[in-house]
Each structure stands twice: as structure tokens, then as C-alpha cells.
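Chains as they are written, first to last, in the working numbering: chain A, 1 to 334; chain B, 335 to 668; chain C, 669 to 1002; chain D, 1003 to 1336; chain E, 1337 to 1670; chain F, 1671 to 2004. Idealized CB from N, CA, C, for every residue including glycine. Model, not experiment: these values are computed from the prediction. Right, one structure below, let's go through it.
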């Protein structure tokens, strides 16, 4: 039976998932844009299902689906005490947003979470309860408990949460935001930092990973490609031609500044001279971090380097996949 | 305190509500397009609140809001046994859609609701339960009970319901549709006619109407304008110049065909002749149904009519507002 | 059997037809935007078919379809010697375009059709033939014959005709244009005036009109509504209150300038004085051409007029439909 | 020689001008959308020129152009001491915006213009000058003088003025705004009310109006149509059928509530009964303000009214054009 | 004289051609987006002409144009018996579509081409002829002949073919489709598989290739670049650092699994150690198929590999161009 | 204090700057799309300010900003005699446009700048002055002086310059254009070639570069990356496997055609044979210009090459940055 891999069915999480997996060599192809099943050529045994992000968390936790992509915010909100749910990659790099607390602009004296806790206590003393509109009920209950807000009422809000204070059915809101503009337009101001930083994540379940070797293998393939793709953004291959008397001579001069000599050192090969009159040339190849390109270039130039080409890699694998190793450790720990 | 009137905050119900009330002389003005409160110049005591359509049904039923616009489908789904909720206009003419039942195309033998009931029974006998994906749980439970489907399970679906059979978590779906294209694209076919025909409606509560004279008066104003606007689409004023010897002569000739003589008969006034040589002319004014314009024109022409102008009315009021009268009767009945 | 009425299936002729018939009270409703049949509520026996404009001309001429909307350019191009084809309205007011002749900008000495005829003769004398790219082959053959261009070759072009000289397979082009920009961008200039002025037209066939009373009646209905709608754009109803001693007094003063006294003279009715102290007032009603509104207003003001309201009519019928009368005459003549 | 009438060449003032003059029966037609001259069929002697709004003010003031449309803000900014410039209509109803003062959000203590004057004085005492970024230099100099801000420097800004404090080259800004969002996004807050409320206006010059009768006549035509169109939005014609024994009977009953009896009283005409058995009916016609429709309808119903049609006028003229009269007075006064 | 290379002038074939040739290093540049000639910097002797796809087939077959891009469907439809036309690349990878047969949904018993042949025979026996609407007349005639459909009539259709059965002028259709949605919306169902699978192709003529060395050379350049680009999508270069005692040691270990050792084996070069304490390292370079990246990575890791970079090539050439070789063979064969 | 780097705040210069610097590894990130400050991760000490292009020239020249991006046209127009302003890169490759002179189409005899000078003289003799509408006043004054146009008047035009002759306030125009379409639509024709070819450029000031080492270093970083990115578009790395008996053998054969042997000659490394039976193989690596790829491929094939991969570089640095060296020389010269 095919392994079920669920991805968000619309919105920015959908767009982000499609382009991210494409860039990882795991292109998701929908035969018909109005159907909700798809496939991945590189993973022929996997059936891709398009679901709402919240449903994906539920279904993976319940074992109906083996692997899924969702948002960290929804995992936090919906996981409850289902320990079986496992976040196997929490930094896919898209779908970023923050959960923040916002209060009416007119509450000039409320500037921190602490102020809010104090206010809730005062209201309670006066016989009132601070009402918080949010669709993140579980997250907010935990937040209030751990931040000393003891008297509050959660008002469920499935849309346009920022309107709640203006419409009169809540006092403050806890909502997802990017730039804060919508909050300001509704005359609210953010108090404190983000309660939760969210982005797209990959989830599975302990049971699926333990019982089904196909799941573990598919998870490994996905994690390998995702990790290699993300690493590749940070490193480049630099090649240069450098004059010298021998490989040793060139090698020693390059490693004289080890921090500019590549991850493990240069590979050096003689260049067959186009023009025999010129002295010996050697082609040097280095793998260096993206942000150190210019110092490396200057170092090579100082050694007489020329024709210095910088080439990005599409994927960059290390000796083992750290994310997959971590997943395996997590699995064994319990 | 201002009366609260809630309208849908987005989607086609929002657009429809904005343009419909505008055409009724009750233009809703939002001071800032990102805020959720608005006003109506012609109803200065009314505060307009923008809510999700489902919330509007709940809040009107619970008395938090006095009047609202929502969809009939949501009223049917959410009203439960809250008798206080009152649909005061059920034909605003926009937001039309139908709730239908759809089964996989491959179920060749299922062509009617009856076939479906039989199939559900067969499945039950074989130890299985027919799963129906829908977000109209209450409506569907009632439907199944009244149509002899005794063994079934409702699978809650808050989006992309049509994908449920293809994704494997339901057997059939009950969903809102317009052209059926999305259903066909997911290889489903509609069985039987519409379970529910829905459109935008105006709702209030018995309690609000009974206790607050301002609510009754606002409801009357809205219903008067809505009704007069909708009536005006069906009638036109026809004026024509007709030669004749006297008002009596012209009048008798026109009413000789009473079905073409306007609602209550023609108003006839003499035309002061621009050219004294010409015989006497009379201007005739008739109010006639839109669809009878051409026969009336032919009738007037046969009597020598010329310069026949057809003018639409913006509003057309009858001796009393029938919709408001019905609301008042509904209110007294219980 | 239903009468078949064909309208263009896409492009500006489609959009124009939909909105024009809507404004004439003959709204065309497509049950599904991807199907090619439609209906008109006011003409229940008519089936609307969506075809390509060229096919409509052919099918109406061949009797496969009773009535159609197409472009005059296509009628001219495709009618051939099919005398049965009848243009029953040639001025629907949309889909306007012109067929023009364009030559390379570098032909400085060619400024008129006459110059072109001379050039064609010169080329012929030099053993060459002037090649004209066009999709209006029949129209152009007639044009050349009647304008003294005796040596030419028509190059059929079903698209991007303006590219033909630049691409080298024609010398000049005859093409449909609106602003001439595309021609100029291809370094062509227009020579002479338009060969043909085209717009949307209504067509039928003598046979259909003669043999089928339903066709004649439907044609009459359509022409009546189209004509009344077009006339209504040119006239308005003016009402004013004027002080005076009697209807006669007011009447005589108004008709003292007959050109400002309405089509057939004013209708005058006494106003019941709101304030008995004020002298007698009369309400005057006039039907006047749209462009004479201001002089009429000034005339009425000079007579003491006030509260002068100008109201447009939606339809304006005269004693008989001139366009339908002409069609009937055309039919009898042969 | 043709009279020159300049309108804004792009932006919301362009769109507003095109649709406003169209609705006034003075449709502006551009033969080619990329050219900058146009015409008005109803004013054949007028040549329409498209200019930038600021140039229009300059050119009308300098007598290069006879009539123009621009914004009140630009007139205020650019008129200087050119008394010849005359605003002949200052309420065209579109292009509305406000000039406001905004300061950094962090200036908590600055809440009014008075606070700002105090701050400017303090800065001056400390050897600094408050810098105001604006493109309304003249308006702001006058504003500062009349509001006690004596030490300031105007920093000219022709775009993105709201960025000036953030970019460091001004302390505060005076800029045009609609919702204030852009200001808030740049962390500025509005202080005090609007300095200037602007909208589209019609301008001409004393010299042109005095010397050229054609200018005065064109101005009159434009003002008449603009005024009649604007008035028409406020009044409607109400007709109703009312049972009664005589015109007198009906008339007296209607004027018993003079505030609901129309501007000058009802026009009453007998309806020729379709059904002789029914008692006498009279058609009543009233001109009433738009906002009093419902009370008038209730009044007519109370008198037995039925078939009450409400029709909007397209134009509504009074005994003379007040705006034109005012322009003529302004002209004579100096 | 410049060689003429024709490409489609609009639609998806135009977009596809522009981006495909760009990706092949043969960017087509139009100096003016409204003109129909263009150039390719890398092929300075080539003049690019923009034509309709059908015209391109005709003109290449007739020798008016040397090389062209069109659709395989049009080549099949229009080539007739012109053997001179040569498809030199039939798999450019874009412009994909299928020609299918569709019948009314109500024809429940027709499920295959065989059923259709039977039905045609039955209709013929009953004195009727099955009408097939299509714009692929030649293709369909051949299809019918080879599939035993002996009684049929082709109805020419140049647009909206899917409407023909609903409009009544054909019984079935043969049309180009992508998802089948338009067919379903017109209540048709596809019968049998695709009659023809089409995509963009490159065409030329035997005569042009034989007579003009410039044509052969340009064709070779295009085919080389196209082929190298398409191959490059399937292979990647993998480099890794591997610890070992010598080149021989590393080489032997890598080729111990020849299927993971690259096309022809690894290139191995010593890494100059950044840190002399560490043992000898070697940089290995392999060219491997895209889909075998992960197994190769695992193999290298198993040998102690690290810093494994995967880099895609832009072009990948083999020892000779297979497509050009095939074209040359085709040319000689006749 | 942070170094200030100004970029255009909107239009095509903004878009071009954002994507160009992104492609150079200097991605500009705006935290809020409505604010006017941004940052560059790779240049942490640089504050990016968004200004109008004209303001950027002024502010860099005045020393308010250290480095900026603007258009060469604005630099030419606004630099005046401020020698401190330094164009440090004048070929960023985007924002290209030309300043041209255009006269009315009807001026048939004016075909060159010389004709224009003659005409200006004639007009002057006749007591008139040729009026030139432009927003490039300084450039045009210099142009007129150097081209013998001695009698002229510059009419300042800040928008829609091409309309000036048609509107009557200038005789000819000097304006920026791309395709000339707008000029032709206003019935103007271009005379002579471009007066000025402009594109995006990088500017700084002598003072900033001399006094602030941080400026010089940032300029160097930017120039290095820009230059390396631009160079990389012109070169590719070619690798191939070639059979041979030794490195020497392969090397000599490759350099036998030095023009196809790479910039400095091939790097040659032995391939460890996957299949020991096959003869010795060597991997050859060459850096060659993009446009010589095919000849190099053919050369390598002729030597038995296979598996020839072409890989583009992202950056290509030479022994030193020529643009930075030139800037340093410019700086010292004065």
C-alpha cells in the first residue's frame, strides 16, 4: 500500500510547499489542478494528499496519514497530549509568521506581558474577566498559565480576530501577524514579543516510523534532500588558476591561512599550459561558505590567482544527515 | 444604544450585501476598509458590524445582535431548536447556491436518493457504514432521517469536501455547488435534486422585535426599501400621446382592454397643442408590468398612440409592506 | 420547434452583444459559461446558439439558423450571391471597425487609392504583380475592380496580416484597424479612407421571414426593443412647475416658441397649492430631444418655471417601428 | 478660436473628471488614448487639453487656458497673489483628500498644533530649527505664520514625503492622506485636524470671464449641468394613486401635512377607472427630497395611496443657477 | 541571404518557444513586441519570422522557409504527401496536447473506438451518416480508414468544436484537449485513448538541408544545443572528499560498485590537507544520472565521503549529436 | 555611523536595482514594503535608503549620502559643475533608455540635427524662437550649444512632454523613449540619433571615497561582486572525458588549437576506469567564453571527448577588479 504524504491544499503554505519540494528535487505533480491527490516522480510509492493544514496535524497524530507538512503553530495548538506526533523537521524556511498579543491602542499603560497579568488581576478584583479572542485556544491557555495570567476567558474566533475588540466581544486578541498593519488599522498595538514563531514543518508519528520501514526510508529520503538543499545555499565551490612551482608549493601557500583554505583543504591539479613560455599553473578547487567568498578571492589573488570561478551547488551532503540522525535518536529515546 | 446590524465580512455574500443595500438606498459605508464596523446614513441609529456568516446566525439567535444578513443554508444548519431566531426576508436575490448529494462517478447504479438509501442499507447489512463528508451536519442528519437513510456516519469537513472520497475518508459528499464542475473534476456525480436551495436572507429574533420598538422600526424601514426596490424591477411607467375627442373618449378606448390598461387604469391629461391645426391630443400614463410592455405599446399604437415613453421606477410601494406585515403576523402567532 | 438565434461566441462582438441585448430588455442567459447554448427569458421560444461570427453569416444564409448577430464586414465578405440573406438592422452601435489599405511607410509617393492603381499598373508593366495580404478576399476583389486596380494578387492571411510586408510575402495589406497603431508599429501607413465601415448587425433570411410567422414576430420584437432603446437615448421627459392664471395661459406661453414646446406640445396639470397664499401653479410635461435640454430649461425659466426635473426614458416607441416596416418592405419588393 | 478647457491628464483626478462630466451630460471623448487633446460633443467650440493638475492652475492663472479642473490643494499652494484666478465651483464631489501634519510616533507629548508651536520654540531656544518636509510650501508657510510657529524650515519634497523623518532629512511632515495608513507604516502620527480639505474644483480667470462672452456662456453651461446633476441626486418624483371624491378632496388631504406635500404642492389628475365599479381614483405627483421618501409614502398610504412609484431625475434645475449667479456676483464685486 | 527560421507568433507555442530557446542559449530577441521579425545573437545569419503554426508547416513544406517550429498535430494534418517535409526534432518538451474522440455522455454503450465503428455501421444501415466535427480533417480521415469506420462525414470546425453536438451540427467531435474539462462541460465523454499525442517540434525540408550547407549547419547548431540542454536535465556532477591511502585505493573502492561509479569512472585528485594531522584526502568527481543521486551519495558516504556537492550542468554533450546524426541518415535514405 | 547607500524608491529603476543586487549576492531586504529604509545582509554596516532617482544624484553630490544608484541621464542633467560627484560604474545593464529629439510628423524637411539648426536660425530671422519642451534642461542647453542651435527656448516639462507640441506650448520635444510608440501616437517623429544613452549607474563622491575608508571598502565589495557577476555571464566551465595515453598526450592535443584550449590551458586529471578493459581516460577542465562553447565541444569531440558538461559560474573574478582599479585611478588623478 502506498505511503500517504499530506500537504496543505491552499494558501501560502501550499505555494511554499510546492516550490520548496520542487527545489529539493521532489517535485509534486498534480494531474488535475482541481483534484486533491498528487504524486512525486522521485518517490513512486508515495501518494500525496492535499488537506487543510489543521486536518494534517490531526490525521498524522491519529495515524491516518504517515507524513505531513503543516505549520508549527497548528502543531502546537492541536497536538494536545498525543505524544506519538513527531516534528521531524521544524525549519523548512517558508510559511513564517508570529503569534502576538495585541491590546487597544488606548491602553497606554499596558506595555508588557507583565502589565497584562496585572491588569487581568485588577479586572478580576473588579468582578470582570479579561476576554482574549484567538483561534489558538490551547496555546493561549498554556501561555496564560505560565505567565501569571490567572483570570481570563478565551473567546473562540475563526476569522477576523483583530476585529473582536472593536466589535465588542473581546478585550484583547492573540493572533498571527506579519507586519502588524492589520492590527494597527484596527487600533490595536502589539504588547511584548512573539508568543510563538511559526513556519512550515514536517511531521510524522512514532508508530509509523517504528512499524513501517517504508516510512522511515521515505522520511530519510525527504530529509536528506531537504537538508542537502538547505546546506547548498550556504556553500560554493571556488576554482582558480594559481602560478607556482609545484603542487606542494601552491598547497602550502593556500593552507597558510587555514580559515580561507576550504572545508578540508584545496584540491590542486596542474594546468597544461596553453602557452609553454608561461610558468607552471595549477587549478585549485575549494569548498567555502557563501559569506566568505570575497576574503577567499582576495587570498587567492594575493597568491597570484586568476580566472577565479564561483559555482553554487544544488545539493550539499555531509557525512551523514543530521536531521535524520536526530529523528532516529528521538524515536529511540522513548 | 445603537442597534446592531451584522453583515457578512467577506466573500460573495459581502459583495452582494454591499451592492444590494446600496441599490435599496441603504448604502453601507466603511470608514476604513480594514476595519469591521460601518454605518448607514439613512439609518443613523444603526451600527453595522462585519462578521463571518456563521457567527451572524449564532449571535442573532443568542440576542447579541439585533438584525443580520446571512445565508439560508447556515440558518438551517445552525438554528437548532432556537425558536427565537426569525427569518424576516428569505429572498434577497443574491448569494444563491444549492446543497447537493454527490457520489463517485463509478457508482453507475446509484441515480436517486432512493438508490442511496438502498445502498446504505446494503452496506449496513455487510457490516459497513456509509460515510458522508459535509459541513452541513445538522441539515444532513435531518435529511437522512426523512429520506430513509438509517445507517450513515457524518464526517465533518470544513473545506475541499469534494476531495473526501478521492482522499479516502468518506464515501459520498453533501456540498454546496453552483455549476457542478468541481464535483465532476473530482469524479463525482450529483444524485437527485438539490437538498436545499439557499440565498442571502435577513434575520432577527422574536425577543428583539418584541422588546425594542427601535428594532421593529428599523426592520420595517429595511423591509420597505427592500420590497419597494424589488417590486420596482417588475413595473414600468408608460406615457403616450393619444389623439381623441375627450378624456372620456380616450379613457373608454384604453380600458376596452382592461388587461392592458395599467394597474388601476390610465391617468389622462390634455396636451396643449403645439400646432393648433392638429386635433386634440391627450397624454396617458399607465403603470404596467415590465413583461407586458410590448402588448401595451401595441394597444396604445392601435388607438393612435405616439411618443410612447417607458420609464422604470427606482422604488415601487403598494398600500402596505407585505413582508413587514408577515413578520408582524409571525411574531404574534407565538 | 424553437427558433434559432445565433450570436458571436467570443471577443468584443460577444461582449457587445451580451450587454446590448441586456440593455434592450432581452438579457441572454447562459446556464454554464462553457456551454454554447443560451436563452432569453422574454423570448421563450428562442434558442440562442453561440457561433463564430463567420459561421453565423454562412448558417443564416444557408437557412440553418433563422436570425443572427454578426459583423457587417463578414456579411460583405461572405454573402457572395446569396440574395436570401437579409440585413435587418445595420446599426447596433457596437463592434465598430474599419477596413483600410496600408502600404510601407517608405512608399512616400503613394498617398491615395489612385496612386496605388497607378503603381499597380507600373509594376504590371515591369512584369510584377502587386500582392495584397488580406482576409477580406471578396471585398478586396470588388474594391480593386471598382477602383481601377487591374493587376493584383490576393494573398490569403488569417492572422497578423500587418506582418506580411515585413515578412516578405505581400506588398501591401487590407486589414481591420481601430487606431492604426499596430500598422504603424509594422512600418505601414494608411492610404485613402476606410474601404468599409463595419459594426454589429442583425441578419436573417427572406425564406425564414416569409415562411415562418414565428420568425417575423421574433424579428419584430427584437427590432421594436432595439429601436425603442436606441431612441430613448435621444429624448428626455422634462417636468416643471410654472405659475400662471390658467392652463390656457400657460399653454399659450409655452407654445409661443414651438421649437421648445416638446414633440407634440405640453401636457399641463394644475398643482394643488401647498400654500394657499401663493398664486396658481401648473405642472408642465414635455418630451424633448436630449440635446435641447438647456434651451428648454431656459425657456421654462423665462416663463417662471421652477423645480424643473429631467428624466430619461428607458424605451421610446413611436407610432410604428420604422426598422421593422423597412424589413417588411424589403421582403415584399422581391 | 476654440475655448481651451484643461483637465488633469492622469491619476484619480483624471478618472474622476471623466466619469463626473460624463454623468453631467458633458462626456469627454479622446480620439486616441495616448493623445492629450479631446472634445465634448455638447460643447463643440471647446477644445479639451489634458495637463498635469499643477500646470492647469498656473496656465489658467496666466491666461493661457480659459477654464480648468484641478485640486483645491494645488490652487491654494500655487495661486500666490494672482487675484485673477477664480474658483467657480469648489465642490465637484471627487478627488477628496486632506493635508495633515504628522510627527514621529515617539513624540508622545505632541498632541496638538499648539504643542508643535511650543516645541518649535523650544528647539529654536536650543539652537535648532524644526524641519517640515512637504510639497505644499506656500500653504505651510501661511499655516505656520497663523498658528504661531515662528521658527521652522520647509524641506521641499516631491514624493514619498512620509519617509523624510525616517530617512533623516526632516523632523515632521505635512502631507496629503486618505486613511493615514502610510503615515502609520512610517511610524508617524497625525497631530491636530486637517490643515486643508481638498477636492476637485473648476477654475477660470476674471479676465477670461469678463472679456470673452464665449467663456461666460461655456462656464454657465457647465455650471448649469453640474448643479442640476448634483441637485438631482437629492430629489425624487413620487407618483401614487389615491382614492377620493374630487381633486379638491385629495389635494386638501395631501397638503394637510405641508412638509410631506412636495416642494410646491401635488399635481393631481383623475385616473380613468379600469373597473367602473371602483370609486374615483386620482394620480398624485410630488417632487420630494430623497431622504423624505418613506414619510411621504406613509402619508400617502394613510390617505389610501397605492401603486406608489419613486423615480429619480437625471437633472433637476431650479429657477436659476445659484453657482453661476454667484460667479457673476464675484466678478462684479471687484 | 539570411536563413529563415519561423516560430509560432502567439499562444502557448509562442511562450514555450521563447523560453525553451532561451534556456538553450539561443535567446530570440524581438526589437519591437508588435513586429513579426526577430533575431538570435548566437545565430547571426538567421532571421526569425513569427507566423501562425499552420502557416509554418505549409511554408516549410513549400520551401518558402528553411526551418520552423510548429506542433506535431499540425504537421500530421497538413503534410499531405509532401515528402520533402522533415521533422528534425519531435520532442521539444512543451506545447503538449492530445487529440481525442468524444461522444455525448448519453451514449452509454459507446466505450471504445470499436463501439464507434459498430455504431457508424448501424447508422449507415439506418440511412444516416455519423458526422464528426473536427479541424483535423486529414488525420481523422486516416484514422477512420484504419479503424474500420467506413461511413462518416467530416464537419469542418475552426473553433469551439466541443459545442458542435450540442448545437446540432455534428454527432461526435475529435478535438485537442488537456484535462477534458471543456468536453465534460459540454456533456461529452472521451472514448478510447488519444488518437495523436502532440507537442512542439522542429521541422525543415530535405531540399533545404541538401542544397544549402548553411541550413545544415544551423540545424546542427540548434540540435546540438537543444539536445545538450535536454540531456543536462538528466545528469549531475557529484564531487566528494574521501579519505584513503592513495588514488588507487580510492578508485578501486569506488568502482567496486560500478553502477554507482559515474558514466565512465571517477576522476580522483588529492586534497592538500588543511590540517596536516589528518590522513590523506582525495576529491572525487563523478557524472551520474539525476535520479541516482541518493544511492551515489550513500555509496560515497559508506567509503568515508564528506562535503558531497551536487552541481547541475547547463549543457551535456555526448561524443556526437544523436538527433543530428539521425537527421543526416534520414536525409541520405531517400 | 552606518554608511548610507541610496537606491531608487520606485519604477523600473527600483525593480531593476532589487533584482540586480540580488543576483550579485547583495540582496536588499525591506522589513516593511511601505517603509523607505532597508538593509543588505552581506554589508551589515550599510543602511539602504530609498529615494527618488533625482534626489539621489543631488544628495550624493552634496555629500549627504555616500553611495547611490541612479540613471546616467539624471547624473548628466543634475551634476552641474559639482566635480566631486563620481560615476563609479556606468554599465549596470538595466534601466536602459535614450534621450531623443522629436518634431511634428508634418515637418517633412527636417530630417537631421543639422536641419533643425537651420530651421531654428530661419525662425529666429522671422522673429520667432524655437521652443523645446523637455525635463532635461541642462543636457539640452549643452546639446544646442554644441550643435549650432543658437536661438531656442527651453520649456520645462515634468510629465507628458510628448503632448507639448499638440497642446501648443512647444514646437519640438526632447524626451526619453524606448520604442518611439508614444511619440508616433502624438504625431511626432524622431530626428537624428539618440542625444544620450542612459542606464542605471553607481555613483559616489570623491570626498567620501577619500575621507572614509569604510566607503572605499564598501565600494570595492559592491564593484567586485557586480563585476564578477557580469563576467560570469560570459564564461562557462567545460569538463570532458578524453581517451589518451597520458596527461601529456591529452594536453598537447588540446593545446594544438590554443584558441579552443581555455583561458590559460586545460586542467587534466586521470579518470579511474570503471571498466578496466577500456583504455585510459582523462577528465579535462576548461574555462571558455560562453559564445565559443560549440567550437570547443567539437574540438574535444574530435579528440575523442565524451560526457562533455558545460556549467555556468555564478561569479567570475580576475586577478584584480578592473572597475575598482579605475575608480582608484580616477580618484588620484585630481
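| request: Determine contact between the stretch 571-585 of chain B and the stretch 461-478 of chain B, defined as no fewer than three beta-carbon pairs at a distance below 8 Å. | output: Result no; under three Cβ-Cβ pairs closer than 8 Å.
| query | Can you name the residues of chain A whose CB is closer than 8 Å to the CB of residue 1630 of chain E? | reply | Near residue 1630 of chain E (Cβ distances below 8 Å), the residues of chain A are 221, 224, 225.
| Quick one: complete beta strand (DSSP E) runs, 3+ long, within the stretch 893-965 of chain C? | If we require 3 residues or more, the beta strand (DSSP E) runs fully inside the stretch 893-965 of chain C come out as 903-911, 935-939, 949-957.
| field | Reduced DSSP category for residue 1372 of chain E - H, G, I as helix; E, B as strand; rest coil | value | In the three-state reduction of the DSSP assignment, residue 1372 of chain E falls in the coil class, being assigned neither a helical nor a strand state.
| Residue range of the beta strand (DSSP E) that residue 153 of chain A falls in? | Element bounds for residue 153 of chain A: 152-156.
| said: Just to confirm before moving on: does the CB-CB distance between residue 186 of chain A and residue 368 of chain B stay below 8 Å? | reply: It is a contact, given that the beta carbons lie within the stated cut-off.
| request: Please list the partners that residue 449 of chain B has in chain E, where partner means a Cβ-to-Cβ separation under 8 Å. | output: Within chain E, no residue comes near residue 449 of chain B; the closest Cβ sits about 17 Å away, beyond 8 Å.
| Under the three-state DSSP convention, the category residue 2063 of chain F falls into | The requested residue 2063 of chain F is not part of the displayed model; chain F covers only 1671 to 2004.
| Taking any Cβ of chain C, which residues in the stretch 1851-1877 of chain F have a Cβ under 8 Å from it, in chain order? | Answer set for the stretch 1851-1877 of chain F: 1851, 1854, 1855.
| For residue 285 of chain A and residue 1610 of chain E, the rounded distance between their alpha carbons | Distance between the alpha carbons of residue 1610 of chain E and residue 285 of chain A is about 13 Å.
| request: Count the other CB atoms, across all protein chains shown, that sit within 10 Å of the CB of residue 532 of chain B; report buried if there are 16 or more and exposed otherwise. | output: Note on residue 532 of chain B: 16 or more other CB atoms within 10 angstroms of its CB, so buried under the neighbour-count rule.
| In the DSSP assignment, what residue or residues form a beta bridge with residue 70 of chain A? | Residue pairing from DSSP places residue 70 of chain A in a beta bridge opposite A:201.
| Do residue 1526 of chain E and residue 1436 of chain E have their C-beta atoms closer together than 8 Å? | Yes, the Cβ-Cβ distance between residue 1526 of chain E and residue 1436 of chain E is below 8 Å.
| So residue 124 of chain A is in the alpha helix (DSSP H); what residue range does that whole segment cover? | Boundaries of the alpha helix (DSSP H) around residue 124 of chain A: 113-125.
| request: Round the Cβ separation of residue 1924 of chain F and residue 1933 of chain F to the nearest angstrom and send it over; I've been treating them as touching at under 8 Å. | output: Contact flag wrong, Cβ pair sits at about 13 Å.
| request: Per DSSP, which residues does residue 1433 of chain E bridge with? Please list them. | output: Its beta-bridge partners are E:1534.
| Rounded to a whole number of angstroms, what is the C-alpha to C-alpha distance between residue 502 of chain B and residue 1399 of chain E? | If I take the Cα positions, the gap works out to 57 Å.
| message | Using the Cβ count rule (16 or more neighbours within 10 Å means buried), how would you classify residue 1346 of chain E? | response | With a threshold of 16 other beta carbon atoms within 10 Å, residue 1346 of chain E falls short and is exposed.
| message | So residue 981 of chain C and residue 900 of chain C are supposed to be a Cβ contact under 8 Å. How far apart are they, rounded? | response | Contact flag correct, Cβ pair sits at about 4 Å.
| Which class does residue 540 of chain B belong to by DSSP, given the choice of helix, strand or coil? | Of the three classes helix, strand and coil, the one that applies to residue 540 of chain B here is helix, per DSSP.
| field | Residue nearest to residue 50 of chain A in terms of C-alpha spacing, selected from A:250, A:69, A:24 | value | If we check each option's Cα against that of residue 50 of chain A, A:69 comes out closest.
| query | In chain C, what lies closer than 8 Å to residue 1243 of chain D by C-beta? | reply | Within chain C, no residue comes near residue 1243 of chain D; the closest Cβ sits about 15 Å away, beyond 8 Å.
| query | Can residue 1121 of chain D and residue 1112 of chain D be called in contact, C-beta distance under 8 Å? | reply | Yes, the Cβ-Cβ distance between residue 1121 of chain D and residue 1112 of chain D is below 8 Å.
| message | Please state whether the Cβ-Cβ distance between residue 581 of chain B and residue 621 of chain B is less than 8 Å. | response | Going by C-beta atoms, residue 581 of chain B is not nearer than 8 Å to residue 621 of chain B.
| said: Under 8 Å, Cβ to Cβ, is there at least one residue of chain F near residue 281 of chain A? | reply: Contacts with chain F at 8 Å (Cβ-Cβ) include residue 281 of chain A.
| task | Starting from residue 1776 of chain F, trace the alpha helix (DSSP H) both ways and give me its first and last residue. | result | Bounds of any alpha helix (DSSP H) do not take in residue 1776 of chain F, whose DSSP letter is neither H nor E.
| Comparing the C-beta of residue 1959 of chain F with each C-beta of chain G, is any distance below 8 Å? | Looking at the structure shown, chain G is missing, and the protein chains on hand are A, B, C, D, E and F.
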